[in-house]
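The structure appears right after this line, and notes come after that.
There are 2 protein chains.
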Amino acid sequence: MAKKKPLILVTNDDGITAPGIRALIEVMNTLGDVCVVAPDSPQSGMGHAITINDTLYCDKIQVHKDEQQQEYSCSGTPVDCVKLAVNEILKRKPDLCVSGINHGSNSSINVIYSGTMSAAVEAGTQGIPSIGFSLLDYSLDANFEPVKKYVKQIAEECLKNSMPKGVVLNVNFPKASAKELKGIKVCRQANAHWIENFDKRTNPLGREYYWLTGEFVNEDKGEDTDEWALANNYVSVVPVQFDLTAHHAIQDINSWEL
Amino acid sequence: MAKKKPLILVTNDDGITAPGIRALIEVMNTLGDVCVVAPDSPQSGMGHAITINDTLYCDKIQVHKDEQQQEYSCSGTPVDCVKLAVNEILKRKPDLCVSGINHGSNSSINVIYSGTMSAAVEAGTQGIPSIGFSLLDYSLDANFEPVKKYVKQIAEECLKNSMPKGVVLNVNFPKASAKELKGIKVCRQANAHWIENFDKRTNPLGREYYWLTGEFVNEDKGEDTDEWALANNYVSVVPVQFDLTAHHAIQDINSWEL
Numbered sequence: 001m002a003k004k005k006p007l008i009l010v011t012n013d014d015g016i017t018a019p020g021i022r023a024l025i026e027v028m029n030t031l032g033d034v035c036v037v038a039p040d041s042p043q044s045g046m047g048h049a050i051t052i053n054d055t056l057y058c059d060k061i062q063v064h065k066d067e068q069q070q071e072y073s074c075s076g077t078p079v080d081c082v083k084l085a086v087n088e089i090l091k092r093k094p095d096l097c098v099s100g101i102n103h104g105s106n107s108s109i110n111v112i113y114s115g116t117m118s119a120a121v122e123a124g125t126q127g128i129p130s131i132g133f134s135l136l137d138y139s140l141d142a143n144f145e146p147v148k149k150y151v152k153q154i155a156e157e158c159l160k161n162s163m164p165k166g167v168v169l170n171v172n173f174p175k176a177s178a179k180e181l182k183g184i185k186v187c188r189q190a191n192a193h194w195i196e197n198f199d200k201r202t203n204p205l206g207r208e209y210y211w212l213t214g215e216f217v218n219e220d221k222g223e224d225t226d227e228w229a230l231a232n233n234y235v236s237v238v239p240v241q242f243d244l245t246a247h248h249a250i251q252d253i254n255s256w257e258l
Numbered sequence: 001m002a003k004k005k006p007l008i009l010v011t012n013d014d015g016i017t018a019p020g021i022r023a024l025i026e027v028m029n030t031l032g033d034v035c036v037v038a039p040d041s042p043q044s045g046m047g048h049a050i051t052i053n054d055t056l057y058c059d060k061i062q063v064h065k066d067e068q069q070q071e072y073s074c075s076g077t078p079v080d081c082v083k084l085a086v087n088e089i090l091k092r093k094p095d096l097c098v099s100g101i102n103h104g105s106n107s108s109i110n111v112i113y114s115g116t117m118s119a120a121v122e123a124g125t126q127g128i129p130s131i132g133f134s135l136l137d138y139s140l141d142a143n144f145e146p147v148k149k150y151v152k153q154i155a156e157e158c159l160k161n162s163m164p165k166g167v168v169l170n171v172n173f174p175k176a177s178a179k180e181l182k183g184i185k186v187c188r189q190a191n192a193h194w195i196e197n198f199d200k201r202t203n204p205l206g207r208e209y210y211w212l213t214g215e216f217v218n219e220d221k222g223e224d225t226d227e228w229a230l231a232n233n234y235v236s237v238v239p240v241q242f243d244l245t246a247h248h249a250i251q252d253i254n255s256w257e258l
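In the order they appear, the protein sequences are chains A and B.
Residues in the first sequence are numbered consecutively from 1, following UniProt numbering.
Residues in the second sequence are numbered consecutively from 1, following UniProt numbering.
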């Protein structure tokens, strides 16, 4: 008897029709049975948001004729999509969850704002091997061709090896041609942060409002970081955990007068 | 010359008029100069969401007459509030950021869904000592009296000691009387997760929709966890980090064929 094909859940945060998720679906169709449950509209910057004070809609759709995967369009956040897929739509636990390919970086501290990565983390909390993919190109016509072979390779390895417990992968691709791409590096998250510069304006009714804009500040010179890898045209792979305990700090805090 | 009073930023995710933040403001007014920047409406479950595709409003308001603190009501998420406060409203970096007191638990895996904790984490990424407070009582008329002395003690210790780098505190209070409360325990995050049970309904137009409901599953029997502490009427304090790298897993993933 032939080995059962793996069941792969695909989601993202740019919305179900974004070019990035279409590229991801194309690759996953070569690896297993694909079910897509993704937001019906862009959800960038949604972090690990969930919908608790509103209703959720989830409709079976077909984005392109003749494609083999099942697809569901959901009114909620990326995390809602994973919860709906795992607990309501899929008949069994998927063998892999992939999220993306995000249009834009989720490296370094961006991981905490990322809907793409939160979907992967949510699947991880349910015990599903899981990967978030992002390309450092925000444009809608970003070129995903050069990264497809890496997406396939990393997903295959993830299906073959067992993912360490409590870990999901955060994969970022530099904006580079196939020739420029140098390979894959397993990294740690660079220690960086954002400094915001709010753009203050006045609306037609005379009320002041802001646009959030910011500057990414990386003070981490380490060559073992995702930022270093990406700046040097490597694909960065960071193992990410959702036990947020700073175990090393427990002793420190215990020395306080509490 | 008298020592300068500390500047304390207060925010939350239940909205600026929630009883929990009013209790927190009351305590912080005894410790320093308080500035409140909080959402104008409930933002529970917003995780680390930020507002990038929409405008932000932020208005100076006074919720109760005769109160000494400055207050700003913001149309965005808890993380937006911290970014606006630090980069636009405050003249200098605050000495402490406190978020809450949340109506409901943010212990264990709930930390990743929590707007309360995301606000604290955001302040942490900006190098501000930071604490999220939550009470295990979802009701609007939850009794915050018994926990005020602990809020004060933990905030005072946070101002006195230096917070370990890259760490913020996740403080949860059991729903208990002053007499029942046994003291404070520094803990690790219990290894738990949610199993969702979607409540499927049909709207008046005949379209199916869902409500997200779930069951919290804690399989972690450890007596060093926040869940154990809370179940035994202790205040739990978990040091939380925002370097999400699973450092222990880097070697594992390096053994894959990447």
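Virtual Cβ for every residue (Gly too), placed ideally from N, Cα, C.
Whole-number beta carbon distance between residue j and residue i, since they are thought to touch under 8 Å
{"i": "I8 (chain A)", "j": "V34 (chain A)", "result": "5 Å"}
{"i": "V167 (chain B)", "j": "I154 (chain B)", "result": "Contact doesn't hold; Cβ gap of about 14 Å is too wide."}
{"i": "C81 (chain A)", "j": "T11 (chain A)", "result": "5 Å"}
{"i": "G47 (chain A)", "j": "G45 (chain B)", "result": "10 Å between Cβ atoms; not a contact."}
{"i": "L244 (chain B)", "j": "Q68 (chain A)", "result": "Between Q68 (chain A) and L244 (chain B) the Cβ distance is about 34 Å, and since that is not below 8 Å, they are no contact."}
{"i": "A120 (chain A)", "j": "S130 (chain A)", "result": "4 Å"}
{"i": "I50 (chain A)", "j": "L212 (chain B)", "result": "6 Å"}
{"i": "V27 (chain A)", "j": "K160 (chain A)", "result": "That pair is no contact at about 16 Å."}
Own chain partners of residue i with C-beta closer than 7 Å, once the 5 adjacent residues on each side are dropped
{"i": "I195 (chain A)", "result": "G214, E215, V217"}
{"i": "Y210 (chain B)", "result": "F198, D199, K200"}
{"i": "D220 (chain A)", "result": "A190, N191, A192, E227"}
{"i": "L230 (chain A)", "result": "S107, L136, N172, P174, S236"}
{"i": "Q62 (chain A)", "result": "E71"}
{"i": "D40 (chain B)", "result": "G15, I16, S73, C74, S75"}
{"i": "M163 (chain A)", "result": "P129"}
Sequence-distant residues of its chain with Cβ nearer than 6 Å to residue i (five each side left out)
{"i": "I16 (chain A)", "result": "A38, S73"}
{"i": "K5 (chain A)", "result": "G32, D33"}
{"i": "A176 (chain A)", "result": "N233"}
{"i": "Y150 (chain B)", "result": "V235"}
{"i": "C97 (chain A)", "result": "L9, A123, I128, S130"}
{"i": "residue 286 (chain A)", "result": "No information on residue 286 (chain A) is available, as it lies outside the stretch 1 to 258 that chain A covers here."}
Burial state of residue i, where buried means 16 or more other Cβ atoms lie within 10 Å
{"i": "S255 (chain B)", "result": "exposed"}
{"i": "T30 (chain A)", "result": "exposed"}
{"i": "L140 (chain B)", "result": "exposed"}
{"i": "S118 (chain B)", "result": "buried"}
{"i": "E257 (chain A)", "result": "exposed"}
{"i": "T202 (chain B)", "result": "exposed"}
{"i": "A178 (chain A)", "result": "exposed"}
{"i": "Q251 (chain A)", "result": "exposed"}
{"i": "Q43 (chain A)", "result": "buried"}
{"i": "L205 (chain B)", "result": "exposed"}
{"i": "D66 (chain B)", "result": "exposed"}
{"i": "D54 (chain B)", "result": "exposed"}
{"i": "L157 (chain B)", "result": "For the sequence presented, residue 157 (chain B) should be read as Glu rather than Leu. Looking at its Cβ environment, which holds 16 or more other Cβ atoms inside 10 Å, E157 (chain B) is buried."}
{"i": "K83 (chain A)", "result": "buried"}
Residue i beta carbon near the ligand GDP (any heavy atom closer than 7 Å)
{"i": "V167 (chain B)", "result": "Inclusion of the ligand GDP in the displayed structure is not the case, the ligand content being empty and no account of it being possible."}
Cβ shell of residue i (< 8 Å), same chain only, five flanking positions each side left out
{"i": "C187 (chain A)", "result": "D224, T225, D226, W228, A229, S236, V237, V238"}
{"i": "V86 (chain B)", "result": "L9, K93, P94, A123, Q126, I128"}
{"i": "L90 (chain B)", "result": "L7, L9, C35"}
{"i": "L56 (chain B)", "result": "C74, S75, G76, D80, L84"}
{"i": "P19 (chain B)", "result": "H103, L140, D141, A142, F144"}
{"i": "E88 (chain A)", "result": "C58"}
{"i": "E208 (chain A)", "result": "K200, R201, T202"}
Determine contact between the segment 12 to 30 of chain A and the segment 138 to 148 of chain A, defined as no fewer than three beta-carbon pairs at a distance below 8 Å. yes
Inspect the CB distances between the segment 90 to 106 of chain A and the segment 125 to 136 of chain A and report whether three or more fall short of 8 Å. yes
Would you call the segment 103 to 113 of chain B and the segment 62 to 79 of chain B in contact, with 3 or more CB pairs under 8 Å? no
Alpha helix (DSSP H) segments (min. 4 residues) lying fully within the segment 202 to 239 of chain A: 226 to 231
Would you be able to state if there are at least three C-beta pairs under 8 Å between the segment 173 to 184 of chain B and the segment 230 to 243 of chain B? yes
Report the start-end ranges of each beta strand (DSSP E) in the segment 55 to 110 of chain B that is 3 residues or longer and not cut off at the edges. 58 to 61, 70 to 74, 96 to 103
Runs of 4 residues minimum, wholly inside the segment 10 to 50 of chain B: which ones carry the alpha helix (DSSP H) assignment? 19 to 28
In the segment 128 to 156 of chain A, which residue ranges form an unbroken alpha helix (DSSP H) of at least 4 residues, counting only runs that do not cross its ends? none
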